[in-house]
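These protein sequence lines are chains A and B, in that order.
Sequential numbering of the first sequence, starting at 1, is according to this note's numbering.
Sequential numbering of the second sequence, starting at 1001, is according to this note's numbering.
Here is the structure we will look at, set down as structure tokens.
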Amino acid sequence: MQLEEIKKRTNPLNRYNLAVLLMMFVLATWSWKSTEMSVGVLAKGWLNMIVYLTGNPEIENSGFFPPASSSTGIVKYVKLMVETVQMAFLALILSVAISFPLAFFASRNTLEIIFPGQRLFDRVIRKVSYITTRFVANLARSINELVWSLMFVSAVGLGPMPGILALGVHTGGVLIKLFSEGIENIQSEPVTALTATGAGPLKVIRYAVIPQISPFFVSMLLYRFESDVRSATILGFTGAGGIGVYLYDKLRSYENRDVTTMLIIIIITVAIVDRMSAWIRKKYT
Amino acid sequence: MKTIKAVKVKLGYGNKVVLTDIDLEVSGGEFISIIGPSGVGKTTLLMAINGNVKIFDGEMSVLNHNLRTIGNTDLKSIRARIGVIFQGYHLVKRLNVLDNVAGGMLRKMNSLQAAIKYYRHDQYELIYGYMRAVRLENEALQRCDRLSGGQMQRVAIARALAQEPEIILADEPISSLDPISATGVMDTLARINKEYGLTVIANLHQLEYARRYSRRIIGMNKGRIIYDGKPEALDDATVARIYQGERAGEVEPSLEFPLPAAARVAVYNA
Ligand SMILES: Nc1ncnc2c1ncn2[C@@H]1O[C@H](COP(=O)(O)OP(=O)(O)OP(=O)(O)O)[C@@H](O)[C@H]1O
Ligand SMILES: [Mg+2]
């Protein structure tokens, strides 16, 4: 290859990059226009936010500060926060129980292990498994956990249980997608080697696939747990248990100082969870 | 009864034919080397024996099973009787030496055991024995991504041994090793060939090793077998014809030319 050719091909200001840049600009302008974004409105209105935080003059005691500090309140909110984390934890177990086995049916390479062969029948069964699992995963994933929560509340009534089911199902769908992408990116050589020993699909997956993806699995699990704890704090808005029930209640009755207390408890908990998962992640990988 | 028998087979991948007119008969206990230029299809020939390559035409049977009609269960059972040492080892890098060697005996474990990687005492003893056979018992708990190339090569051999196979297919088992480790690995293969009566078929790039260790050499060129006989009968002219492939035709022999020294000389002389 000539130097001129190499220079031309490695120039960052090439037509492709410029086109992408232009496209981003057009998309952003279009979106800005149709969503009626406006710097002016924010510039004029941001003071109202301060008024909201310090309290509506027409409603007595409606400010967010200072946080409510009665010990009975704090104890109650901490207990609710613990319940919220418990919800997220059970949801995590549920979502893993759903997604871990299914992810292998949503990945082309593991389907080749589970249903080997090149006959038409083998290929059809692989395709069908792939499409069905991905479809189920997409369904579970694209319906928001709040919507799932409303549905489960109507099925099993108020309380933490519908929240756990909602989070579990939604996260199950997310994890199938994440896991299967991880599985499809593994190296195929160990699989070839263990298949060549005549071992069956379960053993090949156990010895050649799982060791390769386990750090990624753990990492995704922890990431989902963190975000499930955050989601669980607002699931209560639908009546599905956790601290969200009270958060919603107090917001509606303008008892905003209690809201601040709850928010502080949430922030501290989320920080602790993030810390712990960072530690586990480091330990594991 | 022949261990491997191929009559006029055509082998390849998808709709691409790599090898044509392959006639091959192997009996139990042989030590065979396959030589030939890069890309000629040595790996393809080995993998065909393990039922991993498409057969377009001809007949091929391995361990008394016709590969063209074999079903899934039978294929698994003949694979169990053939140990493969892959070019580039194909180890599970995140597992330690012990678990990688155990990978060779998966068929003998029940699923539950395999799921939690629980080995019985006799299984530990077997694995330990194979690790000792390749002198890796001290690295037993070391993860394979922390091993040297030669050590990984030996893990791959131990895994193949753990399978207790009747045939070992070794794809360039010494390609990335220094002369001393290479001799060590070849000695190991020669020993298991003699002691256990295993059939060993090895692809080699180093002609000297092929001559030294095997009693039969198969030379390939342009997708065909052009030599099949004793090492002593393999003369320089034939070596030149073997290595004078598509590539040797295009590329002028030079100092970087990736040929064994003997073949290089032969190409110059031809
Ligand atoms: N999985 C595959 N799919 C399609 N073509 C393949 C595949 N594996 C190998 N080939 C092709 O088959 C031909 C022979 O490859 P093979 O690996 O058997 O050569 P080789 O003699 O082992 O070479 P080397 O000495 O470099 O290992 C090559 O042209 C290669 O591109
Ligand atoms: Mg090869």
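From the three backbone atoms N, C-alpha and C, an ideal C-beta is built for every residue, glycine too.
query = Does the beta-carbon of A/R206 have 16 or more other beta-carbons within 10 angstroms, so that it is buried, or is it exposed?
reply = To locate residue 206 of chain A, count along the first sequence from 1; it is residue 206. Answer is buried; the Cβ neighbour count reaches 16.
Residue burial classification, B/P1165 (beta-carbon count within 10 angstroms, cutoff 16) = Translated into positions along the second sequence, residue 1165 of chain B becomes position 165. Its Cβ being crowded by 16 or more others within 10 Å, B/P1165 is buried.
inquiry  = Let me check you understand the geometry: is the CB of A/S188 closer than 7 Å to at least one non-hydrogen atom of ligand 1?
reply    = By one-based count along the first sequence, residue 188 of chain A stands at place 188. Checking every heavy atom of ligand 1 against the Cβ of A/S188, none is found closer than 7 Å.
ask   = Taking the C-alpha atoms as reference points, what is the distance between B/R1081 and B/T1020?
value = The residue you call residue 1081 of chain B lines up with position 81 of the second sequence. The residue you call residue 1020 of chain B lines up with position 20 of the second sequence. The straight-line gap from Cα to Cα measures roughly 26 Å.
B/M1152, buried or exposed, once every other Cβ within 10 Å from all chains shown has been counted against 16 = By 1-based counting over the second sequence, the position of residue 1152 of chain B is 152. B/M1152 is buried by the Cβ-count criterion.
message = Looking at ligand 1, does it come within less than 7 Å of B/L1197, judged from the CB to the closest heavy atom?
response = Taking the first residue of the second sequence as position 1, residue 1197 of chain B is located at position 197. Looking at the sequence provided, one finds Gly at residue 1197 of chain B rather than Leu. Every heavy atom of ligand 1 is 7 Å or more from the Cβ of B/G1197, so no.
request  = Please name the residue or residues paired with B/L1011 in a DSSP beta bridge.
outcome  = Within the second sequence, the letter at position 11 stands for residue 1011 of chain B. According to DSSP, which records beta bridges pairwise, B/L1011 is partnered with B/L1019 and B/I1055.
query = Does any CB atom of chain B fall closer than 8 Å to the CB of A/G117?
reply = In the first sequence, the residue the question calls residue 117 of chain A occupies position 117. Chain B, which has a Cβ nearer than 8 Å to the Cβ of A/G117, makes this yes.
inquiry  = Once DSSP output is grouped into helix, strand and coil, what is the label at B/H1121?
reply    = Taking the first residue of the second sequence as position 1, residue 1121 of chain B is located at position 121. It is helical.
CB contact flag (A/F216, A/G182, <8 Å) = Residue 216 of chain A sits at position 216 when you count from the first residue of the first sequence. Residue 182 of chain A sits at position 182 when you count from the first residue of the first sequence. Yes, the pair counts as a contact, with Cβ atoms nearer than the cut-off.
message = Would the stretch 276-283 of chain A count as touching the stretch 230-248 of chain A if we require 3 or more Cβ pairs under 8 Å?
response = no
message = Please tell me whether A/K8 has its Cβ less than 8 Å away from any Cβ of chain B.
response = As a working mapping, residue 8 of chain A is identified with position 8 in the first sequence. No, because no Cβ of chain B sits closer than 8 Å to the Cβ of A/K8.
request  = Could you tell me whether any Cβ in chain B is nearer than 8 Å to the Cβ of A/L3?
outcome  = Here the question's residue 3 of chain A lines up with position 3 in the first sequence. Not an interface residue.
request  = Work out the CA separation of A/M262 and A/V75 for me, nearest whole Å.
outcome  = Here residue 75 of chain A corresponds to residue number 75 of the first sequence, with the count starting at 1. Here residue 262 of chain A corresponds to residue number 262 of the first sequence, with the count starting at 1. Distance between the alpha carbons of A/V75 and A/M262 is about 11 Å.
key: B/D1178, DSSP secondary structure in three states   = Translated into the one-based positions of the second sequence, residue 1178 of chain B becomes position 178. The answer is coil: DSSP assigns B/D1178 none of H, G, I, E or B.
request  = Express the C-alpha separation of A/G241 and A/E83 in angstroms, rounding to a whole number.
outcome  = Here residue 83 of chain A refers to the residue found at position 83 of the first sequence. Here residue 241 of chain A refers to the residue found at position 241 of the first sequence. Going by the C-alpha atoms only, they are around 8 Å apart.
B/N1193 beta carbon less than 8 Å from that of B/F1031 = The residue you call residue 1031 of chain B lines up with position 31 of the second sequence. The residue you call residue 1193 of chain B lines up with position 193 of the second sequence. For B/F1031 and B/N1193, yes; Cβs fall inside 8 Å.
ask   = Can you round the beta-carbon distance between B/R1120 and A/A199 to whole angstroms, since I take them to be within the 8 Å contact cut?
value = If you number the second sequence from 1, residue 1120 of chain B lands on position 120. If you number the first sequence from 1, residue 199 of chain A lands on position 199. Not a contact, Cβ separation roughly 17 Å.
ask   = Taking contact to mean at least 3 C-beta pairs separated by less than 8 Å, is the stretch 1056-1069 of chain B in contact with the stretch 1007-1017 of chain B?
value = yes
ask   = How would you list, in chain order, the residues of chain B whose beta-carbon sits under 7 Å from the beta-carbon of A/A208?
value = In the first sequence, counting from the first residue as 1, residue 208 of chain A sits at position 208. Within 7 Å Cβ-Cβ: V1092.
Where B/K1042 falls, given that 16 or more other Cβ within 10 Å makes a residue buried = Position 42 of the second sequence, counting from 1, holds the residue named residue 1042 of chain B. Buried, because 16 or more other Cβ atoms sit within 10 Å of the Cβ of B/K1042.
task = Identify whether A/A137 lies in helix, strand or coil by the three-state DSSP scheme.
result = In the first sequence, the residue the question calls residue 137 of chain A occupies position 137. Correct three-state label for A/A137: helix.
ask   = CA-CA distance, B/V1018 and B/G1012?
value = As a working note, residue 1018 of chain B is residue 18 in the second sequence. As a working note, residue 1012 of chain B is residue 12 in the second sequence. Their Cα atoms are separated by approximately 5 Å.
query = Could you give the C-beta distance for B/L1046 and B/N1203, rounded to a whole number, given that I count them as a contact under 8 Å?
reply = Against the second sequence, residue 1046 of chain B aligns to sequence position 46. Against the second sequence, residue 1203 of chain B aligns to sequence position 203. Between B/N1203 and B/L1046 the Cβ distance is about 6 Å, and since that is below 8 Å, they are a contact.
query = Span of the alpha helix (DSSP H) holding A/R224?
reply = As a first step, residue 224 of chain A is located in the first sequence; it is residue number 224 there, counting from the start. Where A/R224 is concerned, the enclosing alpha helix (DSSP H) stretches over I210 to L235.
key: Straight-line Cα distance separating A/T269 from A/L146   = To locate residue 146 of chain A, count along the first sequence from 1; it is residue 146. To locate residue 269 of chain A, count along the first sequence from 1; it is residue 269. Cα to Cα, the separation comes out at about 21 Å.
ask   = Where do the ends of the beta strand (DSSP E) carrying A/S71 lie?
value = As a first step, residue 71 of chain A must be located in the first sequence, where it is residue number 71. Not the beta strand (DSSP E): A/S71 falls in the alpha helix (DSSP H), residues S71 to A103.
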